[in-house]
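Notes follow the structure.
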Amino acid sequence: MKKAILSAVLLMLVVSGVILSGTATENPHGKLKWDCQDCHTAESWSVMRVPMKFSHDETGFHLAGAHANAQCIGCHKTPQFNHVGTSCIDCHADHHQGQLGQACQNCHTPRDWQGRKDVLDIHAQKGFALTGSHAVADCEACHRGHARQEYAGTPMDCIGCHAEAYAATNDPNHMQAGFPSDCQRCHHAASGTWTNARYTHAQYVLTGAHRQVDCKSCHASIYTGTSSACYDCHSANYASTTNPNHVQNGFNHNCTICHTTISFNPASYNHNLTAFPLTGKHVTTLCIDCHPTSYVGTPTDCYSCHQTNFQSAQNPDHVLANFSHNCATCHSTSGWSPATFNHASTAFPLTGAHTTVACINCHAAGYAGTPTDCYSCHQTNFQGAKDPDHVLSNFSHVCTTCHSTSAWSPATFNHANTTFPLTGAHTTVACINCHAAGYTNTPTACYACHQSNYNATTNPNHAAANFPTTCQTCHSTSNWTSTTWNHDAQYFPIYSGTHVGRWNLCSDCHVNPSNFATFECINCHPHSDKATTDSHHTGVSRYQYLSTACYSCHPTGRAGG
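Under my numbering, the letters of the sequence shown match residues 380 to 940, in that order.
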């Protein structure tokens, strides 16, 4: 029957003048993937090959039902075979006038135009709903050899109808691989095609590039008991890798440590999972730089990799200075230079100007056993100091008594730490004024420094009056001339009472400048006439015409009767 159909097609082509005997022309069927000899013979264009290599199933449109017996020219109106639509509406008129849409297969099958709704409902009620390709298959496709009244008892499992397909499948070979006969694990009626199978990897979920790999790449012969270990599939990659050499370095067979399923290359190793996390420039360093021969037992101390840097360092010379091989003391992974040493971790933390001084200034003789006392570094400053002269003054070598690390000058000495705290005008006096003879055993008595002031004072004349040398009796450190002598409280009130404003100089009363113990009252008071004064004191016990006698009776300065 098919041979007759094909002959009719060829006859149509000859009549249309597309194929002319003995004349070479383009393929009248358009662009096809089949060669001419797959269907034709060399004998004649109308003599067809038996059997032909051409199969309509390979076009993606299976000829089922009435389509299998239809004449080719019924669908292929022109020799251009690939110019034919695959939708029902492309060949069949829509008697429903678009009211039910263009998906004719929802109700009809290729067998005939008989409605399928009742059949679909019956099947759904029997527990075998027709979906996908089952919905449009002819009844006889599953109910083979049965009369219509004998459809009961038809197997509902896939293998009952598809045993031949199961046995014939070799990609993969289902029987050899021992696949289960429950076809729905991989095949789904809803997909509409038997060959569009999909298997869901449950125990070994496929990710990355594994999802694109052919099944036989991992399942070369069997599908049961297939190892899920990377190495079992990628042992050849493992053995052939030379950068780095996995075999020579004894790398772990657990490929996931460095590789992912996205791609075998590039690989990445998380060094943070080891005892030596990578930081700074170590992150971008090539593995081979630290692992030139082996990846096992690689030392983690800096010196093992940076010995050359250590030995070549000149500022300072690490070897000569006998530096520790613990490079992390001064260097970090951010960069070998510049290096920083935390002096705070030593017994001599750096402060002030010391923080900016070059290391060599203090460590000229080496870095081990460097003295921490100031004088060891500042002996020259000590000996050269002239204001005051530290050597001549026999100053202590404990420089911190006057100096700080902020700067050698100016220096400050806290006199409050001595037995003679500075107050008043003493706080602004130059040190040399008091320490002209030195800074040791300096006297603390006022007279020791103020003897010239004592001798030069004439109002009153301290030396002539034989005043005591305890200057603080009358004077304070605030001001030399502003005395604090309290004449009222200790002796005779001259700043209060009747004598306020009645005198100008001490000599007004103390007429003997060499003896302030003597004084005269009668020089000011109207008692210069002794006879008159005597008459006023008739009967007064112990009366004498003397100033001292006046004072004994008139201590407040008020004249008596």
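Glycine included, each C-beta is placed from N, C-alpha and C at the ideal position.
* Determine the DSSP secondary structure at G714, reduced to helix, strand or coil. => Counting from 1 along the sequence shown, the entry for residue 714 is found at position 335. If DSSP states are grouped into helix, strand and coil, G714 belongs with the strands.
* Asked: Can the beta-carbon of D913 be found closer than 8 Å to that of Y930?
  -> The residue given as residue 913 occupies position 534 in the sequence shown. The residue given as residue 930 occupies position 551 in the sequence shown. Between D913 and Y930, the C-beta gap is not smaller than 8 Å, which leaves the two residues out of contact.
* **Contact check, P839 vs F895, beta carbons under 8 Å** => Taking the first residue of the sequence shown as 1, we reach residue 839 at position 460. Taking the first residue of the sequence shown as 1, we reach residue 895 at position 516. Yes, these two residues count as a Cβ contact at 8 Å.
* **C-alpha distance - H632 paired with Y583, whole-angstrom precision** => Indexing the sequence shown from 1 puts residue 632 at position 253. Indexing the sequence shown from 1 puts residue 583 at position 204. Between H632 and Y583, the C-alpha separation is close to 18 Å.
* **Local Cβ density within 10 Å of M336, reported as buried at 16 or more and exposed below that** => What is shown of the chain runs 380 to 940, which leaves residue 336 out entirely.
* To do: Closer than 8 Å by C-beta to H841: which residues in its own chain qualify, once you throw out the five before and the five after it? Chain order, please.
  => Here residue 841 refers to the residue found at position 462 of the sequence shown. Result list for H841: Y833, N834, in chain order.
* To do: Quick one: residues in its chain with C-beta nearer than 7 Å to the C-beta of A732, no 5 flanking neighbours on either side, listed in chain order?
  => Here residue 732 is taken as the residue at index 353 of the sequence shown, counted from 1. Excluding sequence positions up to five before and after A732, its CB lies within less than 7 Å of the CB of T784, S785, A786, all in the same chain and listed in chain order.
* Taking C-beta to C-beta, are S647 and A588 nearer than 8 Å? -> As a working note, residue 647 is residue 268 in the sequence shown. As a working note, residue 588 is residue 209 in the sequence shown. No, the Cβ-Cβ distance between S647 and A588 is not below 8 Å.
* Identify whether N552 lies in helix, strand or coil by the three-state DSSP scheme. => Residue mapping note: residue 552 aligns to position 173 of the sequence shown, counting from 1. It is a strand residue.
* Relative to the C-alpha of R495, which residue among A654, A508, V515, Q478 is closest? -> Numbered from its first residue, the sequence shown carries residue 495 at position 116. Among A654, A508, V515, Q478, the Cα nearest to that of R495 is on V515.
* Asked: Taking one C-beta from the segment 530–540 and one from the segment 476–490 each time, how about it: are there three or more such pairs within less than 8 Å?
  -> Flag = no, the segment 530–540 and the segment 476–490 do not touch.
* Do S855 and D867 have their C-beta atoms closer together than 8 Å? -> Within the sequence shown, numbered from 1, the residue matching residue 855 stands at position 476. Within the sequence shown, numbered from 1, the residue matching residue 867 stands at position 488. Going by C-beta atoms, S855 is not nearer than 8 Å to D867.
* To do: Taking P717 as the reference, give the member of T708, F507, A723 with the closest Cα.
  => As a position in the sequence shown, residue 717 is number 338, starting the count at 1. Comparing Cα-Cα distances from P717 to each of T708, F507, A723, the minimum goes to T708.
* Secondary structure of H598, DSSP reduced to three states -> Locating residue 598 in the sequence shown gives position 219, counting from the first residue. Coil.
* **Under 8 Å between C-beta atoms of C666 and T635** => The residue you call residue 666 lines up with position 287 of the sequence shown. The residue you call residue 635 lines up with position 256 of the sequence shown. Judged by beta-carbon spacing, T635 lies beyond the 8 Å limit of C666, meaning their Cβ atoms are not closer than that value.
* Inter-residue Cα distance where the pair is Q627 and S673 -> The residue labelled residue 627 in the question sits at position 248 within the sequence shown. The residue labelled residue 673 in the question sits at position 294 within the sequence shown. Cα to Cα, the separation comes out at about 8 Å.
* At what residues does the alpha helix (DSSP H) containing H502 begin and finish? -> By one-based count along the sequence shown, residue 502 stands at place 123. Counting along the chain, the alpha helix (DSSP H) containing H502 begins and ends at 496–504.
* DSSP on N448, reduced to helix/strand/coil? -> Within the sequence shown, numbered from 1, the residue matching residue 448 stands at position 69. In the three-state DSSP reduction, N448 falls in the coil class, being neither helix nor strand.
* T510 and A568 closer than 8 Å at C-beta -> Locating residue 510 in the sequence shown gives position 131, counting from the first residue. Locating residue 568 in the sequence shown gives position 189, counting from the first residue. It is a contact, given that the beta carbons lie within the stated cut-off.
* Count the other CB atoms within 10 Å of the CB of F898; is the residue buried (16 or more) or exposed (fewer)? -> In the sequence shown, counting from the first residue as 1, residue 898 sits at position 519. Under this definition F898 is a buried residue.
* Give the DSSP-derived three-state secondary structure of N760 in the structure shown. => Here residue 760 corresponds to residue number 381 of the sequence shown, with the count starting at 1. Note: N760 maps to helix in three-state DSSP.
* To do: Could you check what DSSP says for T902 in three-state terms: helix, strand or coil?
  => As a first step, residue 902 is located in the sequence shown; it is residue number 523 there, counting from the start. With the sequence shown as reference, residue 902 is identified as Asn, and Thr is not the correct amino acid for it. Coil.
* Asked: In its own chain, which residues sit with a C-beta less than 7 Å from the C-beta of A445, not counting the 5 before and 5 after it?
  -> If you number the sequence shown from 1, residue 445 lands on position 66. Taken in chain order, the residues that qualify are P489, R490, D491.
* For K765, which beta-bridge partners are listed by DSSP? -> By 1-based counting over the sequence shown, the position of residue 765 is 386. In DSSP, K765 forms a bridge with D768.
* To do: Let me know if C415 comes out buried or exposed under the rule of 16 or more other beta-carbons within 10 Å of its beta-carbon.
  => Here residue 415 refers to the residue found at position 36 of the sequence shown. The residue is exposed, with fewer than 16 neighbouring Cβ atoms inside 10 Å.
* Asked: Does DSSP classify G419 as helix, strand or coil?
  -> Against the sequence shown, residue 419 aligns to sequence position 40. It should be pointed out that residue 419 corresponds to His in this sequence rather than to Gly. The answer is strand: DSSP assigns H419 an E or B state.
* To do: Excluding the 5 residues preceding and the 5 following Y545 in the sequence, name in chain order all residues of the same chain whose CB lies nearer than 8 Å to its CB.
  => On the sequence shown, residue 545 is found 166 positions in, with the first residue counted as 1. Taken in chain order, the residues that qualify are I538, H553, M554, F558, S560, C562.
* Asked: In whole angstroms, what separates the C-alpha of Q459 from that of F433?
  -> Mapped onto the sequence shown, residue 459 falls at position 80. Mapped onto the sequence shown, residue 433 falls at position 54. Rounded to the nearest angstrom, the two C-alpha atoms are 16 Å apart.
* So, using beta-carbon positions, are Y746 and A692 closer together than 8 Å? -> If you number the sequence shown from 1, residue 746 lands on position 367. If you number the sequence shown from 1, residue 692 lands on position 313. The answer is no: Cβ separation not under 8 Å.
* To do: Determine the burial state of P934: buried for a count of at least 16 other Cβ atoms within 10 Å of its Cβ, exposed for fewer.
  => As a working mapping, residue 934 is identified with position 555 in the sequence shown. Counting of Cβ neighbours within 10 angstroms places P934 among the exposed residues, the total staying below 16.
* What residue ranges within the segment 572–618 form continuous alpha helix (DSSP H) runs of no fewer than 4 residues, ordered along the chain? -> Entirely contained in the segment 572–618, the alpha helix (DSSP H) runs reaching 4 residues are, in chain order, 594–597.
* Per DSSP, which one or two residues make a beta bridge with Q693? -> Start at 1 with the first residue of the sequence shown, and residue 693 comes out as number 314. Partner(s): D696.
* To do: Return helix, strand or coil for C708, following the three-state DSSP convention.
  => What you label residue 708 is simply residue 329 of the sequence shown in a count that begins at 1. Per the sequence shown, residue 708 should be read as Thr rather than Cys. Of the three classes helix, strand and coil, the one that applies to T708 here is helix, per DSSP.
* Asked: What's the C-alpha gap between H904 and H916?
  -> Taking the first residue of the sequence shown as 1, we reach residue 904 at position 525. Taking the first residue of the sequence shown as 1, we reach residue 916 at position 537. Roughly 15 Å between the two C-alpha positions.
* Any idea what DSSP makes of D414, helix, strand or coil? -> Translated into positions along the sequence shown, residue 414 becomes position 35. Of the three classes helix, strand and coil, the one that applies to D414 here is coil, per DSSP.
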